[in-house]
Amino acid sequence: MLLKEIAHSRTGDKGNISVISVIAYKDEDYDLIKEKVTEEKLKDYFKDIVHGKITRYEMPTISALNFVLEDALGGGVTRSLAIDMHGKTLGSALLEMEID
Amino acid sequence: MKTVRIGSGAGYAGDRIEPAIDLIEKGNLDYIIFECLAERTISLAQKAKMEDPKKGYNALFEYRFDRILEALKEHHVKVITNMGAANPYHAALKCQEMAKDKELKNLKIAYVEGDDVSSKLNDYQDYVTIETKKPLSAIDGEVLSANGYIGCSGIVEALKNDADIVITGRVADPSLSLGPLVYEFGWSMDDYEKLGKGTWVGHLLECAGQVTGGYFADPGYKDVPELWNLGFPIIEVDENGDGVVSKLPNTGGIVTTETVKEQSLYEIQDPENYFTPDVIADFSKITVKQIGENEVRIENASGKAPNGYFKTSVGYHDCYIGEGQISYGGSNALAKAKLAREVLEHRFEMIGLKAEEVRFDYIGVNSLYKDSISNEMGQYIPNEVRLRVAARVKTKEEAKLVGNEVEALYTNGPSGGGGAVKTIKDIVSIASILIPNDHFHITVGYMEV
């Protein structure tokens, strides 16, 4: 199953940091998402793009996870050579992750 | 119980005006905020001010106020905006002039100053920047601006003195909404729980349409009605700081627990510690509840004492980025694009391009996610591929070479290349330092009509 079947996401940026939320459509899927979508999993998934630390914050009251990806935006939004310098499309990639 | 209704009229410098007019006319609002100042925008505004001391405020300032001034007066809606950018005083002067031309009466315009510390920057050369972890003195490009994210105090003062329109420069985005809440409810500046709640309200409003179904639609998964007619948000806030997010009926968009959750986490790092000049907001226990169609109740944000520093953005000229793109078609498109890349790599070496970094992308294949994720999502044979190359260089002349080499692929490259474009970007970057808040002298000036 792909993550997008049970969760939605929005991506923001700050300097060279990308912030990606993963929000369960249904509260009962939150535990599964928490189990499957880990810092280690993202570290491997985004290995071409994210070169720094990945930190996960848990938000049980809204069934969401918030990921902070450091050194993720090609040196920072202003000087990045990427076509999507803000990394706005990274969340869409995360939702394509296989979680089984 | 007293409530305050705040609407959002802009989520970025160039946002649409129609939804704002709609809100002023039909939203039964007390306040409308216009958030128009991204991190780098103020550096570019400072540049404009250096060329013309009467400029340096938001480029759409006159356009917006021309469309809303009369309606504000008629519907008794007050405005809080950071459209003053690098020049709140001249923005206020322009606003006064426009109000006079429209023969409006009894209008008080306030401008908040004190965020600009560019003249004092020599005192902070040994401060370490958040981005580079090196002292500010290590920046080798020309410094263009230095503005602290000041809090809501100037806005509160302006409202206490009966301002109808409050124009600021750099203010923390959520403070634009927190200001009127502190003023209306008489919240103490050490009632951190309420300040945290008000900061959540401000955070939800600051990107306007992003909480009412903008930046949300994912066809088949998250559908949004009439996205072309997106209504901007209203939050009605109780005196305890909780509230209800909604939008006008007969507008497009959608307000659900999902849209509110997405925007709540947008650009937030640690939800328990969201640093602002007014409070360290705590969103870690927030709750959202659908209480009606396009109505979501928001509760349980909180906060702690702020750290006593104002984050200050120093804008400086960093580098140039030269870029070129060209398209190839047919089932061999990717092979042609790869050959074109090979040609460019050789050419850059032959002409001795001095670049800090060069990046190649095949648009339609791997430009967003590079190779590993793109491959995992599945490979296919594209019938068109656009080759893109971008290089970060020191000089404008060097940057020109990048696009020129791409353009030269027309006559010298693989067969059938089309639609070549070349661009040069003059890059202004931001270095952030933390300056003790008592180094800032925040003042409020007034103009009346």
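Here the protein sequences come in this chain order: A and B. Numbering of the first sequence is given in UniProt numbering, commencing with residue 1 and proceeding in unit increments. Numbering of the second sequence is given in UniProt numbering, commencing with residue 1 and proceeding in unit increments. Ideal placement from N, C-alpha and C gives every residue a C-beta, glycine not left out.
Does any CB atom of chain A fall closer than 8 Å to the CB of residue i?
| i | result |
| --- | --- |
| ILE442 of chain B | no |
| ALA172 of chain B | no |
| LYS422 of chain B | no |
| VAL143 of chain B | no |
| CYS319 of chain B | yes |
| ILE21 of chain B | no |
| GLU131 of chain B | yes |
| MET377 of chain B | yes |
| SER429 of chain B | yes |
Give me, in chain order, the residues of the same chain whose beta-carbon lies closer than 7 Å to that of residue i; leave out the 5 immediate sequence neighbours on both sides.
| i | result |
| --- | --- |
| PHE310 of chain B | GLY148, TYR149, ILE150, PRO277, ILE435, ASN437 and PHE440 |
| CYS36 of chain B | ALA10, TYR12, ALA13, ASN58, THR81, ASN82 and MET83 |
| ASN28 of chain B | ARG5 |
| PHE283 of chain B | TRP200, SER264, ILE268, PRO271, TYR274 and ALA301 |
| ALA355 of chain B | ALA391, ARG392 and VAL393 |
| GLU39 of chain B | SER313 and ILE430 |
Starting from residue i and walking both ways along the alpha helix (DSSP H), at which residues does that stretch end?
| i | result |
| --- | --- |
| ARG64 of chain B | 61-75 |
| ILE254 of chain B | Note, ILE254 of chain B: premise wrong, no alpha helix (DSSP H); not H, not E. |
| VAL182 of chain B | 175-185 |
| ALA86 of chain B | Where ALA86 of chain B is concerned, there is no enclosing alpha helix (DSSP H), given that its DSSP letter is neither H nor E. |
| LYS338 of chain B | 333-351 |
| LYS289 of chain B | It is not in any alpha helix (DSSP H) - LYS289 of chain B instead sits in the beta strand (DSSP E) that spans 287-292. |
| GLY243 of chain B | It is not in any alpha helix (DSSP H) - GLY243 of chain B instead sits in the beta strand (DSSP E) that spans 243-246. |
| ILE42 of chain B | 41-51 |
| ASN161 of chain B | That residue, ASN161 of chain B, is in no alpha helix (DSSP H); it is neither H nor E in DSSP. |
| ALA93 of chain A | 90-95 |
| GLY200 of chain B | First, the residue type needs correcting, since residue 200 of chain B is Trp and not Gly in the sequence shown. 192-205 is the span of the alpha helix (DSSP H), which, as asked, contains TRP200 of chain B. |
Give me whichever residues DSSP pairs with residue i in a beta bridge.
| i | result |
| --- | --- |
| TYR320 of chain B | B:VAL393 and B:ASP426 |
| TYR274 of chain B | B:ALA281 |
| LYS222 of chain B | B:ASP218 |
| ALA408 of chain B | The partner list for ALA408 of chain B (beta bridge, DSSP) is empty, contrary to what the question assumes. |
| MET447 of chain B | B:ILE109 |
| ILE167 of chain B | B:THR81 and B:TYR111 |
| PRO19 of chain B | The partner list for PRO19 of chain B (beta bridge, DSSP) is empty, contrary to what the question assumes. |
| ALA431 of chain B | B:VAL314 |
| GLY7 of chain B | B:ILE32 and B:ILE234 |
| ASP18 of chain A | Note on residue identity: the sequence assigns Ser, not Asp, to residue 18 of chain A. The partner list for SER18 of chain A (beta bridge, DSSP) reads A:ASP13 and A:LEU69. |
| ARG388 of chain B | B:GLN325 and B:ASP361 |
| LYS26 of chain A | DSSP output for LYS26 of chain A lists no bridge partner at all. |
| GLN269 of chain B | According to DSSP, GLN269 of chain B bridges with nothing at all. |
| SER302 of chain B | B:ASP282 |
| LEU2 of chain A | A:GLU98 |
| HIS8 of chain A | A:ILE23 |
For chain B, is any of its Cβ atoms less than 8 Å away from the one on residue i?
| i | result |
| --- | --- |
| GLY52 of chain A | no |
| MET1 of chain A | no |
| VAL19 of chain A | yes |
| GLU40 of chain A | no |
| residue 147 of chain A | Because chain A here runs from 1 to 100, residue 147 of chain A falls outside it and cannot be looked at. |
| ASP100 of chain A | no |
| ILE6 of chain A | no |
| TYR45 of chain A | yes |
| ILE49 of chain A | yes |
| LEU32 of chain A | no |
| GLU28 of chain A | no |
| GLU35 of chain A | no |
For the beta strand (DSSP E) holding residue i, just list the boundary residues, first then last.
| i | result |
| --- | --- |
| ASN66 of chain A | 64-69 |
| LEU107 of chain B | It is not in any beta strand (DSSP E) - LEU107 of chain B carries neither H nor E in the DSSP assignment. |
| ASN358 of chain B | The amino acid at residue 358 of chain B is misidentified as Asn; the sequence shows Val. 355-363 is the extent of the beta strand (DSSP E) around VAL358 of chain B. |
| ARG297 of chain B | 295-299 |
| TYR57 of chain A | 54-59 |
| THR78 of chain A | Segment: none, THR78 of chain A is in no beta strand (DSSP E) and carries neither H nor E. |
| SER145 of chain B | 143-148 |
Apart from the five residues on each side of it in sequence, which residues of its chain come closer than 6 Å, Cβ to Cβ, to residue i?
| i | result |
| --- | --- |
| GLY418 of chain B | SER327 |
| LYS425 of chain B | ILE321 |
| THR287 of chain B | GLU299 and ASN300 |
Please return the same chain residues whose Cβ sits closer than 8 Å to the Cβ of residue i, not counting the five positions on each side in sequence.
| i | result |
| --- | --- |
| ILE381 of chain B | SER331 and LEU334 |
| ASP22 of chain B | GLY231, PHE232, LEU248 and THR251 |
| ALA24 of chain A | ILE6, ALA7, TYR30, ILE33, SER63 and ALA64 |
Next on the checklist: Any C-beta of chain A within less than 8 Å: which residues of the region 259-277 of chain B qualify?
Outcome noted: The region 259-277 of chain B vs chain A, Cβ under 8 Å: LYS261, GLU262, GLN263, SER264, LEU265, TYR266, GLU267, ILE268, GLN269, ASP270, PRO271 and GLU272.
Next on the checklist: Tell me which residues of the region 281-312 of chain B have at least one Cβ-Cβ distance to chain A shorter than 9 Å, keeping chain order.
Outcome noted: PHE283, SER284, LYS285, ILE286, THR287, VAL288 and ASN300
Checklist entry - Closer than 7 Å, Cβ to any Cβ of chain B: which residues of the region 63-77 of chain A, in chain order? => result ALA64, ASN66, VAL68 and GLY76
Item to check | Within 8 Å of chain A by C-beta, residues of the region 359-372 of chain B in sequence order | outcome: Cβ contacts with chain A come from ARG359, ASP361, ILE363, SER367, LEU368, TYR369, LYS370, ASP371 and SER372.
Checklist entry - Between the region 326-360 of chain B and chain A, which residues of the former have CB atoms less than 7 Å from a CB of the latter, in chain order? => result GLU357 and ARG359
Checklist entry - For the region 384-406 of chain B, which residues have a beta carbon sitting closer than 8 Å to at least one beta carbon of chain A? => result So the list reads ARG388, ALA390, ALA391 and ARG392, given in the order they occur along the chain.
Item to check | Chain-ordered residues of the region 218-249 of chain B with a beta carbon less than 9 Å from chain A | outcome: ASP218, TYR221 and LYS222
Checklist entry - Going along the chain, which residues of the region 39-52 of chain B sit with their C-beta nearer than 9 Å to a C-beta in chain A? => result Only GLU39 and ARG40 from the region 39-52 of chain B bring a Cβ to less than 9 Å from some Cβ of chain A.
Next on the checklist: To be precise: take each residue of the region 195-218 of chain B, compare its Cβ to all Cβ atoms of chain A, and keep it if any distance is under 9 Å. Which residues remain?
Outcome noted: GLN210, TYR215, PHE216 and ASP218
Next on the checklist: Closer than 8 Å between beta carbons: that is the criterion. Which residues of the region 54-79 of chain B meet it against chain A?
Outcome noted: Result list empty, no residue passes.
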